[in-house]
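Residue numbers (this note's numbering): 94 to 155.
Glycine included, C-beta positions come from ideal geometry on N, C-alpha and C.
Down below is the structure, laid out as structure tokens.
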Amino acid sequence: MQELLPFIGYIDPGSGSILIQALLAGAFGALLTIKLWSGRIGHLARRICGRGNDSRPDSSDN
């Protein structure tokens, strides 16, 4: 068993690069998702609270 311990933690360069790429893609995807959803949630909150432009009539309609 002592002979196998050094090889357990070994990751070859190809597998390591795929692992790093997958982790980075997941992180950037999560950040983009949070950015998009925060804008939608903020817009919804402004509409509910009445602070958005949607609730006020436009003066050009008169």
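Put Ile-177 into one of helix, strand or coil per three-state DSSP.
-> Here the chain covers residues 94 to 155 and nothing more, so residue 177 does not appear.
Taking the C-alpha atoms as reference points, what is the distance between Ala-118 and Leu-137?
-> 28 angstroms
Looking at the structure shown, is Gly-143 part of a helix, part of a strand, or coil, going by DSSP?
-> coil
Straight-line gap, Ser-131 to Asp-105 (C-alpha atoms, nearest Å) | 39 angstroms
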